[in-house]
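Q: Residue numbers for the sequence shown follow the numbering used here, so the first one is 2 and each next one is one higher.
The beta carbon of each residue, even a glycine, is placed where N, CA and C say it ideally should be.
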Amino acid sequence: MSAPDPVSIGTPGVPWGTAEIAEWRARQRKQRSHAADVLDAIDRLRGRFDVVEYGRLDYAPDSYPLLALRSRAWREDLPIALVTGGVHGYETSGVHGALRFLERHAVEYEGRINLVVVPCVSPWAYERIHRWNPDAIDPNRSFRAKSPARESAAVMDLLAPWRERVLVHVDLHETTDSDESEFRPALAARDGKPFEPEGIPDGFYLVDDSEHPQPDFQQAVIAAVEKVTHIAPADANGEIIGSPVVARGVIRYPLRALGLCAGVTDARYKTTTEVYPDSPRASAEQCNAAQAAAVCAALDFALAR
Ligand SMILES: [Zn+2]
Numbered sequence: 002m003s004a005p006d007p008v009s010i011g012t013p014g015v016p017w018g019t020a021e022i023a024e025w026r027a028r029q030r031k032q033r034s035h036a037a038d039v040l041d042a043i044d045r046l047r048g049r050f051d052v053v054e055y056g057r058l059d060y061a062p063d064s065y066p067l068l069a070l071r072s073r074a075w076r077e078d079l080p081i082a083l084v085t086g087g088v089h090g091y092e093t094s095g096v097h098g099a100l101r102f103l104e105r106h107a108v109e110y111e112g113r114i115n116l117v118v119v120p121c122v123s124p125w126a127y128e129r130i131h132r133w134n135p136d137a138i139d140p141n142r143s144f145r146a147k148s149p150a151r152e153s154a155a156v157m158d159l160l161a162p163w164r165e166r167v168l169v170h171v172d173l174h175e176t177t178d179s180d181e182s183e184f185r186p187a188l189a190a191r192d193g194k195p196f197e198p199e200g201i202p203d204g205f206y207l208v209d210d211s212e213h214p215q216p217d218f219q220q221a222v223i224a225a226v227e228k229v230t231h232i233a234p235a236d237a238n239g240e241i242i243g244s245p246v247v248a249r250g251v252i253r254y255p256l257r258a259l260g261l262c263a264g265v266t267d268a269r270y271k272t273t274t275e276v277y278p279d280s281p282r283a284s285a286e287q288c289n290a291a292q293a294a295a296v297c298a299a300l301d302f303a304l305a306r
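Here is the structure:
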C-alpha cells in the first residue's frame, strides 16, 4: 500500500489550517484492527490483570475504548512500574511488545512492584499506521497541562493519582524508514517549514532524560536488548537523529519540556525505547522481543536499587 503524500496538502511555507487538516484526515485509511489486534489480546489477559477503561475516544464513525492493565495483586506499599506503548500508533512493536511483556514476563514481578501497562495509547493511529491523532496532533509532544491531544490527556488523568509513586517508566517506540519518507515531510508541511532529511539509524537506541539522566540504568537496558537485536551506532557526527550520542545507543532529550510521554511521571528511572523495525537484520518477532527485554531490564535495574 503506498503511503499518502502529505506534502501536496496546502500551500508550501504556510502552516495547515482546519481545511488542510480535514483534507489530510480524509486521506487516512484504516489498515488494521485495534479490536482484533489489541482488544482481543487484552481480553485474553483479563484472567490475570485488572483491566481499567480509562477513557474512550469517539472519532466518528469509530469509537475506541482506552484500556490499561493493572497488577491484580496491587499493594499500596509497593512502587509502580509503568509501561506505555502505541503513543505513536504506527510503531507496532511498542504495542505488541507491551502485550508480550504482560503475556510472558509480568508474572516474574508479581508481589515485587505494581504494574500499570497501557499497550496502545493512540488506537486511531494504530489502525491507520500513522503518527498523529485525527487532529494531526502528535500525542508524543502533548503530555502537558491542557493537552491538545485527547490520547495524552487521558493517560495523564489515569496516572494522576500515581504519578509520584512511579519508580520506573518505559515508553515503547520505534524509529522507522517511514519517519523519513512520510512523517517528517508531513510535519514540515503541516508547520509550513522546509523538510530536511536526517537519516534513520540502523538499530535500537534509547532516549534518556537530559534533566535527570540515569546512565547506568540506560546501559543496563542496552545490554539486555543487545542480546536480542543490534544497537544503533553513532553517525559520522557522533549523533543519532541529530542528537549527540552520550553513551552507547543513548541520546538525551528534556522529556518534560518537550511534552514527551516518558516525562509524564516523576519516576527516577525512565526511558524511551526506539526499535528499528525496517532493518534487514530485524524481524517483527525480534522487535517485540526487544521491547519486552527492555521492559524487563528496566524493572530489574530499578528493583535492584
Ligand atoms: Zn514514537
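1. To the nearest angstrom, report how far apart Met2 and Gln29 are at their CA atoms.
2. Let me check you understand the geometry: is the CB of His174 closer than 7 Å to at least one non-hydrogen atom of ligand 1?
3. Mapping the DSSP letters down to three states, classify Val265 as helix, strand or coil.
4. Any heavy atom of ligand 1 closer than 7 Å to the Cβ of Asn289?
5. Can we count Val88 as close to ligand 1, meaning its CB is less than 7 Å from some heavy atom?
6. Tell me His174's beta-bridge partners as DSSP assigns them.
7. For Tyr345, which residues from the same chain have a beta carbon less than 6 Å from its beta carbon, with the 5 sequence-adjacent residues on both sides left out?
8. Check each candidate in Gln287, Lys194 and Glu165 and name the one with the smallest Cα separation from Arg269.
9. So Ser170 and Phe205 are supposed to be a Cβ contact under 8 Å. How far apart are they, rounded?
10. Can Glu92 be considered in contact with ligand 1, in the sense that its beta carbon sits closer than 7 Å to one or more heavy atoms?
11. Does DSSP put Ala302 in a helix, a strand or coil?
12. Determine the contact status of Asp209 and Val251, defining contact as a CB-CB distance below 8 Å.
13. Could you give the first and the last residue of the continuous alpha helix (DSSP H) run that contains Phe102?
14. Are the segment 88 to 106 and the segment 31 to 49 touching, with three or more C-beta to C-beta distances below 8 Å?
15. Where does Glu212 fall in DSSP's three states?
16. Is Asn289 closer than 8 Å to Gly98 when the C-beta atoms are compared?
17. Given this structure, state the Cα-to-Cα distance separating Trp75 from Val156, to the nearest angstrom.
18. For the beta strand (DSSP E) that Thr19 lies in, which residues bound it at each end?
19. For the candidate residues Ala248, Ala221 and Cys262, whose alpha-carbon lies nearest to that of Thr273?
20. What are the start and end residues of each continuous alpha helix (DSSP H) run of 4 or more residues lying completely inside the segment 36 to 81, in chain order?
21. Are there any heavy atoms of ligand 1 lying less than 7 Å away from the beta-carbon of Asn141, as far as the coordinates show?
22. Going by the beta-carbon positions, is the gap between Val122 and Glu152 smaller than 8 Å?
23. Do the segment 242 to 251 and the segment 208 to 224 meet, that is, are 3 or more Cβ pairs less than 8 Å apart?
24. Please report how far the alpha carbon of Ala4 lies from the alpha carbon of Ala187, in whole angstroms.
25. For Tyr109, which option in Arg129, Arg142, Glu227 and Ser72 has the closest C-alpha, if you only look at C-alpha atoms?
26. According to DSSP, simplified to helix, strand and coil, what is Glu1?
27. Report the three-state DSSP secondary structure of Arg185 (helix, strand or coil).
28. Residue range of the alpha helix (DSSP H) that Arg253 falls in?
29. Quick one: residues in its chain with C-beta nearer than 7 Å to the C-beta of Leu259, no 5 flanking neighbours on either side, listed in chain order?
30. Do Glu240 and Val247 have their C-beta atoms closer together than 8 Å?
A: By the coordinates alone:
1. Residue mapping note: residue 2 aligns to position 1 of the sequence shown, counting from 1. Residue mapping note: residue 29 aligns to position 28 of the sequence shown, counting from 1. Low local confidence applies: a pLDDT of 41 at Met2 is under 50, so the model's placement there is unreliable, and no value is given.
2. Translated into positions along the sequence shown, residue 174 becomes position 173. Indeed, a heavy atom of ligand 1 lies less than 7 Å from the Cβ.
3. Within the sequence shown, residue 265 is the residue found at index 264, counting from 1. Note: Val265 maps to coil in three-state DSSP.
4. Counting from one through the sequence shown, the residue named residue 289 turns up at place 288. Checking the Cβ of Asn289 against ligand 1 gives no.
5. As a working note, residue 88 is residue 87 in the sequence shown. Between ligand 1 and Val88, a heavy atom-to-CB distance of less than 7 Å is present.
6. The residue given as residue 174 occupies position 173 in the sequence shown. The partner list for His174 (beta bridge, DSSP) reads Glu275.
7. The question about residue 345 has no answer, for the chain in this structure spans 2 to 306.
8. Start at 1 with the first residue of the sequence shown, and residue 269 comes out as number 268. Distance from the Cα of Arg269 is smallest, within the candidate group Gln287, Lys194 and Glu165, for Glu165.
9. If you number the sequence shown from 1, residue 170 lands on position 169. If you number the sequence shown from 1, residue 205 lands on position 204. Note on identity: in this sequence residue 170 is His, with Ser being the wrong assignment. That pair is no contact at about 18 Å.
10. Here residue 92 refers to the residue found at position 91 when the sequence shown is read from its first residue. Yes, since a heavy atom of ligand 1 falls inside the 7 Å radius drawn around the Cβ of Glu92.
11. Along the sequence shown, read from residue 1 onward, the residue named residue 302 stands at position 301. Strictly speaking, residue 302 in this sequence is Phe, with Ala absent from that position. Here Phe302 sits in helix by DSSP.
12. Position 208 of the sequence shown holds residue 209. Position 250 of the sequence shown holds residue 251. Yes. Within cutoff.
13. On the sequence shown, position 101 is the one that residue 102 refers to. For Phe102, the enclosing alpha helix (DSSP H) has its first and last residue at Thr93 to Arg105.
14. Judged by Cβ distances under 8 Å, the segment 88 to 106 makes contact with the segment 31 to 49, as three or more pairs qualify.
15. The residue given as residue 212 occupies position 211 in the sequence shown. In the displayed model, Glu212 falls within coil according to three-state DSSP, outside both helix and strand.
16. Locating residue 98 in the sequence shown gives position 97, counting from the first residue. Locating residue 289 in the sequence shown gives position 288, counting from the first residue. Result yes, Cβ atoms of Gly98 and Asn289 sit closer than 8 Å.
17. Along the sequence shown, one-based indexing puts residue 75 at 74. Along the sequence shown, one-based indexing puts residue 156 at 155. Distance between the alpha carbons of Trp75 and Val156 is about 19 Å.
18. The residue labelled residue 19 in the question sits at position 18 within the sequence shown. Premise fails: Thr19 lies in the alpha helix (DSSP H), Thr19 to Arg28, not in any beta strand (DSSP E).
19. The residue labelled residue 273 in the question sits at position 272 within the sequence shown. Of Ala248, Ala221 and Cys262, the residue nearest in Cα terms is Cys262.
20. 41 to 45
21. As a first step, residue 141 is located in the sequence shown; it is residue number 140 there, counting from the start. Yes - ligand 1 has a heavy atom lying nearer than 7 Å to the Cβ of Asn141.
22. Taking the first residue of the sequence shown as 1, we reach residue 122 at position 121. Taking the first residue of the sequence shown as 1, we reach residue 152 at position 151. Against a cut-off of 8 Å, the Cβ pair of Glu152 and Val122 comes out as a contact.
23. yes
24. One-based indexing of the sequence shown puts residue 4 at position 3. One-based indexing of the sequence shown puts residue 187 at position 186. For Ala4, the predicted structure reports a pLDDT of 48, less than 50, and the residue's modelled location is therefore unreliable. The matter cannot be settled from this model.
25. Here the question's residue 109 lines up with position 108 in the sequence shown. Reading off the sequence shown, one finds Glu at residue 109, where the question assumed Tyr. It is Ser72 whose Cα lies nearest to the Cα of Glu109.
26. Limits of the chain in this structure are 2 at one end and 306 at the other, which puts residue 1 out of reach.
27. For the purposes of this step, residue 185 is taken as residue 184 along the sequence shown, with counting starting at 1. Three-state result, Arg185: helix.
28. For this step, residue 253 is matched to residue 252 along the sequence shown. Element bounds for Arg253: not the alpha helix (DSSP H) but the beta strand (DSSP E), Val251 to Tyr254.
29. Translated into the one-based positions of the sequence shown, residue 259 becomes position 258. Excluding residues within five positions, the ones whose Cβ falls inside 7 Å are Arg142.
30. On the sequence shown, position 239 is the one that residue 240 refers to. On the sequence shown, position 246 is the one that residue 247 refers to. No, Cβ-Cβ distance for Glu240 and Val247 is not below 8 Å.
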